[in-house]
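Colleague: Residue numbers (our numbering): 2 to 159.
The structure is reproduced here in structure tokens:
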């Protein structure tokens with residue numbers, strides 16, 4: 002129907018199906034108000050793989066970018082000393098574009114990351130845009146000039 006989009010991937014042994022609600026909004030109206038200090042284009046399947054490795058470890062995902070690296074950390078909200086993280090150099094083959102106005106770090110609930118990264122199968126890249134304690138914009142390019150954009154509110158720091 003017109004209110005959802007269905008994706009199907011067939012292989013010899015498995016058929017994967019993904020259904021997402023369709024929301025038609027003008028991205029420019031939503032994102033033009035956001036201050037973006039970090040803009041990273043990353044291989045979407047590799048991004049999903051990195052998230053899958055750490056997402057179950059905690060209930061928060063922290064994204065941090067400095068002039069050389071992107072850090073993705075999973076940590077527990079009430080036990081911040083327990084964490085798992087990955088560091089990706091801007092020179093890594095994972096990264097297609099790395100633009101940084103200033104070092105930024107933001108916390109997000111890990112609950113939605115599994116769902117958000119599930120669309121990686123249909124996209125070559127994911128564009129991550131964020132700033133210090135600001136919403137995260139994850140933009141996937143899909144076939145035939147389509148896009149899927151997620152905007153996650155940041156979690157407050159204690």
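Ideal Cβ placement from N, Cα and C applies to all residues, glycine included.
The structure presented is a predicted model; accordingly, all values stated were derived computationally and were not measured.
Please go through the same chain and pick out, in chain order, the residues whose beta-carbon is closer than 6 Å to the beta-carbon of residue 8, but skip the five residues on each side of it.
Modeller: 19 and 123
Colleague: Where does residue 112 sit, in a helix, a strand or coil, going by DSSP?
Modeller: If DSSP states are grouped into helix, strand and coil, residue 112 belongs with the helices.
Colleague: Report the partner residues of residue 58 according to the DSSP bridge assignment.
Modeller: According to DSSP, residue pairing for residue 58 in a beta bridge does not occur.
Colleague: Here's a check: name, in chain order, each residue in its chain whose Cβ is nearer than 8 Å to the Cβ of residue 97, leaving out the five neighbours to either side.
Modeller: 42, 43, 44 and 126
Colleague: Taking the beta carbon of residue 66 as the centre, do at least 16 other beta carbons fall within 10 Å, making it buried, or is it exposed?
Modeller: Burial call: buried.
Colleague: Taking the CB atoms as reference points, tell me whether residue 131 and residue 61 lie closer together than 9 Å.
Modeller: no
Colleague: Taking DSSP as the reference, what is the three-state secondary structure of residue 7?
Modeller: strand
Colleague: Do you know whose CA, among 145, 140, 108 and 150, lies nearest residue 56's CA?
Modeller: 108
Colleague: I'd like the ranges of any beta strand (DSSP E) spanning at least 3 consecutive residues and lying wholly in the stretch 75 to 110.
Modeller: 80 to 90, 96 to 101 and 105 to 110
Colleague: Residue 129 to residue 145, Cα distance in whole Å?
Modeller: Distance between the alpha carbons of residue 129 and residue 145 is about 21 Å.
Colleague: Measure the alpha-carbon distance for residue 120 versus residue 12 and round it to whole angstroms.
Modeller: Cα to Cα, the separation comes out at about 17 Å.
Colleague: Measuring alpha carbon to alpha carbon, tell me which of 94, 135, 118 and 147 ends up nearest residue 54.
Modeller: Relative to residue 54, the option among 94, 135, 118 and 147 whose CA is nearest is 118.
Colleague: Kindly list the residues whose CB is nearer than 8 Å to the CB of residue 52, restricted to its own chain and excluding five residues on each side of it in sequence; keep chain order.
Modeller: 62, 73, 114, 115 and 118
Colleague: How many Å lie between residue 17 and residue 10 at the Cα?
Modeller: 5 Å
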